[in-house]
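In our numbering, each number is its position in the sequence shown, counted from 1, plus 1087.
Virtual Cβ for every residue (Gly too), placed ideally from N, Cα, C.
A short write-up of the structure that comes next.
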Amino acid sequence: MDVVIEFIKHLIDPNWIMAHGGLFLVAFIIFAETGLFIGFFLPGDSLLFITGMIIASADAANAVPFASHPVNLVFWIIAFSVCAVLGNIVGYWFGRKSGPLLFERRETWLFKRKHLHAAREFYEKRGGGAIIIARFLPIVRTFAPIVAGIVHMDFKKFFLYNIIGALAWIISITTLGFVLGENVWVREHLEYIIIGLVVVTTAPVLFKMFFGRKKPAGEKVNEPDEMTTA
1088 MDVVIEFIKH LIDPNWIMAH GGLFLVAFII FAETGLFIGF FLPGDSLLFI TGMIIASADA
1148 ANAVPFASHP VNLVFWIIAF SVCAVLGNIV GYWFGRKSGP LLFERRETWL FKRKHLHAAR
1208 EFYEKRGGGA IIIARFLPIV RTFAPIVAGI VHMDFKKFFL YNIIGALAWI ISITTLGFVL
1268 GENVWVREHL EYIIIGLVVV TTAPVLFKMF FGRKKPAGEK VNEPDEMTTA
């Protein structure tokens, strides 16, 4: 657990990121957070914001892969979007093939069934649009495609929402970091900016976990095969 916490701390340090794989590391993490259920703890929002800052402030020697900052921004937005789309496809495939077994899987500190239940409830309320909205919600964005696979959501429909959600998420947060990347106040108070992002994006999830409607005793919980497709 301490190793994971230490790793997350490193992921909000632009210098550490550039020294350990650079933006290619970020691309892999975006894929892992959106495609592997054990990646739910990864700070995708913060990474995208920091990536925008890195691109905006890179000098000619460190600019990757082009010398032009705007061109680099477009390049990495496309690269991250592809990773995010592929990640969700992997999650969907995993949910479709073995999702029902997850509800019987033994819980560990990395895997909690409540995360699946939270994503399923969110998906049932929002339908296909949940795939888009979930992009902006930590934990939920990891499990939403898995749940879509579990309920056998039409793949063409899922793929469309997947692309829209990935582009909206990647473009908005990365561009925000890029625009603010050279602002002195932002760079000097990066820790507070990151905390603010975490609070804004996780508040809906935490509110649902602690203040969501409790199911009355004896009320039946739908099994995966009883859910309808969106």
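Measure from the alpha carbon of residue i to the alpha carbon of each residue in the options, then state which is nearest.
i     : options                       : result
F1245 : I1260, L1254 and A1235        : A1235
G1126 : I1137, V1113, T1138 and F1136 : V1113
F1124 : K1096, P1232 and K1243        : P1232
V1286 : G1122, F1223 and R1274        : F1223
N1175 : E1120, L1129 and I1137        : E1120
K1243 : G1215, F1115 and E1093        : G1215
K1096 : G1109, L1110, T1262 and S1133 : S1133
W1180 : W1163, G1131 and I1237        : I1237
W1256 : N1159, F1094 and A1221        : A1221
What would DSSP say about residue i, mapped onto helix, strand or coil?
i     : result
I1104 : helix
I1176 : helix
V1238 : coil
I1220 : helix
G1215 : coil
A1114 : helix
T1315 : Low per-residue confidence applies at T1315: pLDDT is 43, beneath 50, and the placement is therefore not dependable, though the value from the model is reported in the following sentence. DSSP places T1315 in coil when its eight states are reduced to three.
I1099 : coil
L1123 : coil
N1249 : helix
F1153 : coil
F1128 : coil
P1232 : helix
Can you find a heavy atom of the ligand ADP that lies under 7 Å from the Cβ of residue i?
i     : result
I1218 : You won't find the ligand ADP in this model; it holds no ligand whatsoever.
What span of residues does the alpha helix (DSSP H) with residue i cover, start to end?
i     : result
R1274 : V1271 to E1275
L1134 : G1131 to S1144
By the 10 Å Cβ neighbour count, where 16 or more other Cβ atoms means buried, how is residue i classified, buried or exposed?
i     : result
W1272 : exposed
E1306 : Low per-residue confidence applies at E1306: pLDDT is 45, beneath 50, and the placement is therefore not dependable enough to give any value.
N1149 : exposed
E1310 : At E1310, the pLDDT of 47 sits below 50, so the modelled position is not reliable; the number obtained from the coordinates is stated separately. It is exposed - the Cβ of E1310 has fewer than 16 other Cβ atoms within 10 Å.
L1135 : buried
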